[in-house]
Amino acid sequence: MKHIYQWGLAGLLLLSATSCKKYLNEEIISDVSYQLYTTEKGIEGALTAAYNTMRIGVMGERALTFSDAGTDLFALGSDGNPAFNQYLATLSSLEAKVSQYWDYHYKGISECNVAVTYLPKVDMNAARKIQIEAEAKFLRAYYYFDLVQHYGKIPLVLESTDKIVTSYKRAAVKDVYAAIINDLQFAYANLPIPAPAQGRANKAAAAHLMAKVYLVKASATSSTQKELRGSTATDADSVIHYAGKIVNKELGNYSLVADYAKLFDAANQVNSEVIFAVQFTPTLLNNGSGNQMHLYHVPQYDGVNTKILARSTYYGRPYRRVRPTPYVYNGLFGATRMYDSRFAKSFVWGYIANKAATGITTTAGNKIDVKVGDTALYFSPVMYGNTTDLNAAIQDNKRFAHYYPQNTYAPLSMNYIFPGLNKWLDGGRPTTNEVNGSRDWMVFRFGETLLLLAEGYGLKGDFTNAARYITQVRERAAYKEGEMKTTQYWTFEGGDYADRTKSTVDQMKVTAADISGDFTNLILEERGREMLGELNRWEDLVRCEKLVERVKLYNPDASNIREFHILRPIPQTHIDRLDPAGPMSEEQNQNYY
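Under UniProt numbering, the first residue of the sequence shown carries the number 1, and numbering increases by one thereafter.
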């Protein structure tokens, strides 16, 4: 695994401040040696490089492909990766994204190991020295947590060396989790409560990640998975302890953003809900390849009627990698969507004409003139088979095209047009085709912390407290008094027009009795509604031992999924570097050889 130790010399990163927000900016240093890491500048650079490597997850499709593709919530888009979305035979050790995901995580681990290994040799402020170690161990825990969830047994490397090593064996999953927890315990004990700069780890970030790690252990239901993960009877208590520290305001004043839509407003990226975010900047020269997640959930809206609807920076460049499954519309949100603002606020349901044209044919066959500002494309969330007259929701002579989202799944050739997820859209890009985005990647947020705490209580059978914290999340998602609901409320969903500005908070509350049945599937649905498209889903399904069951139930594109798909294949590029290499049954995951 020579690559583990050579990444650290590729480039060093130093902190620089802007007037209102601090970013991690890159300074390239040529012809350096490991001796540099015995200096304060070198050790700070190694740490900042470890932060910067986190960007790689969203600089392309790596995080999207591993965390959202082929789940119960997302199916194949017309330009997506069939191997991951449909669990084809090409999802093998030779698949490029399998090695890319592995490599960038071990790159980050290498940079963390450099910081931890060389730090004792650096003459610098003692307090800052401890904080550097805490930050490096937090990041190392994060990288290993991703890897162990996807690959299972993996090489566990906790120190740096300047020699080529090719003989690493895979550590047991429970040993990897023990190392992650050990790193996080140090990070939690030594990180400050307020982060020294935006994008740096703090005590709350360590607590949130610790809660997630313990939740994986606590979620195991089968004896096999309990043994594999090293689960103990106190894991759920640990979830409650660490998530509770954040929720009880002991680690900072985190709170839910009042309006769910505002949480994903590009102008509101630094807000009360963000616990840890990976930083990007509008200065493209300092942005690497940029956050490219704005590309992947966008339908081909610009191909429906080019006379009146052209590609724009606001609606995004349509890469169409994934699209929501039918379950998202009718199952996940089915029972609550008339009360739950997240259904309206998570998607782009209508596209506005940005060009004027005359003589445009409507869906009814009429000829109309279209002005800039008219509705050019409209997706109806009406349930498939409903006989409700769509004309009731179509503004007179303004909406020329509409689609039922459910109809975009049959035939598969229609998988280019669907309501686009708006959480990642980046209208601040300089041109319509620019892929280098500047939005931060919100990795940990307070809304998830509340759900972690709720799940910890639910796993202990304390459904009263579980309902309490789930309700906090759901109340934020409700329409507030005076807030206008969408037209679907009274046209498709059966709501009363007179109630169009009334609160739905009461309808969104849950009680212990509401959640005490099939709690595992219920909490997965709560997380799906709250965190749709936020790069957590595959991991959630695997830790709850629900991946195969829920994908078979809800993803019509992924019928090929099998039990062995709960792990990814070990990259062939790694296996080929091993010398000596063990038998394939030792080096590769089952059914991938």
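Beta carbons are placed, not taken as given, at the ideal position from N, Cα and C, and that holds for glycine.
At least 9 angstroms separates the beta-carbon of Glu250 from that of Phe446. Arg476 places its beta carbon 9 angstroms or farther from that of Gly77. Look at the beta carbons and you see the segment 513 to 526 not touching the segment 32 to 47: under three pairs across the two are nearer than 8 angstroms. For Val370, the enclosing beta strand (DSSP E) begins and ends at 367 to 370. For Lys485 and Asp506, the gap between their C-alpha atoms comes out near 16 angstroms.
With distances taken between CA atoms, Tyr142 lies nearest to Gly57 out of Ser585, Gly57, Ser255, Lys169.
If you compare the alpha carbons of Thr491, Arg562, Gln472, Arg537 with that of Val257, the shortest gap goes to Gln472.
Counted as a single uninterrupted DSSP element, the alpha helix (DSSP H) harbouring Leu452 occupies residues 446 to 459. In the structure shown, Val328 falls within a helical segment according to DSSP collapsed to helix, strand and coil.
A contact is defined here as three or more CB-CB pairs under 8 angstroms, and the segment 192 to 199 meets this definition with respect to the segment 266 to 286.
Remark: C-beta atoms of Ala218 and Gly456 approach each other more closely than 9 angstroms. Per the coordinates, the alpha-carbon of Lys174 lies some 31 angstroms from the alpha-carbon of Gly252. At a Cβ-Cβ threshold of 9 angstroms, Thr71 and Leu547 count as neighbours.
In the DSSP assignment, Tyr497 falls outside any alpha helix (DSSP H), carrying neither H nor E. The beta carbons of Leu94 and Gln572 sit closer together than 9 angstroms. Residue burial is scored here from C-beta neighbours: Val98 has at least 16 other C-beta atoms within 10 angstroms and is therefore classed as buried.
For Pro82, the secondary structure class from DSSP, reduced to helix, strand or coil, is helix. In the three-state DSSP reduction, Leu377 falls in the strand class (E or B). The DSSP-derived three-state label of Arg537 is helix. Going by beta carbons, Ile180 and Val157 fall outside the 9 angstroms limit. Annotation for Leu76: the continuous beta strand (DSSP E) segment containing it runs 74 to 76. For secondary structure counted as the beta strand (DSSP E) over 3 or more consecutive residues, the segment 220 to 303 holds these complete runs in sequence order: 274 to 278. At a cut-off of 4 residues, the continuous stretches assigned as alpha helix (DSSP H) that sit fully inside the segment 171 to 211 are 173 to 190. Under the Cβ criterion (8 angstroms, minimum of three pairs), the segment 519 to 533 counts as touching the segment 323 to 338.
The Cβ atoms of Ile308 and Asn354 lie closer than 9 angstroms to each other. In this structure, the CA atom of Gln292 is about 12 angstroms from the CA atom of Pro318. Taking each of Asn422, Ile130, Met508 in turn and checking the Cα distance to Tyr315, the smallest one comes out for Asn422. With respect to the 9 angstroms criterion, Ser380 and Phe492 are classified as neighbours on the basis of their beta carbons. The beta-bridge partner set that DSSP reports for Met442 consists of Ala277. For the pair of segments examined, the segment 440 to 454 was found not to touch the segment 346 to 353: the number of CB pairs separated by less than 8 angstroms stays below three. When DSSP states are grouped into helix, strand and coil, Arg562 belongs to the coil group. DSSP, reduced to helix, strand and coil, places Gly70 outside both helices and strands of the structure shown, so it counts as coil. DSSP links Gly350 through a beta bridge to Tyr378. Per DSSP, Thr38 is not a residue of any beta strand (DSSP E), being assigned neither H nor E. Here Leu191 is near Ala206, since their CB atoms are less than 9 angstroms apart. If you draw a straight line from the Cα of Gly494 to the Cα of Ser341, it is about 16 angstroms long.
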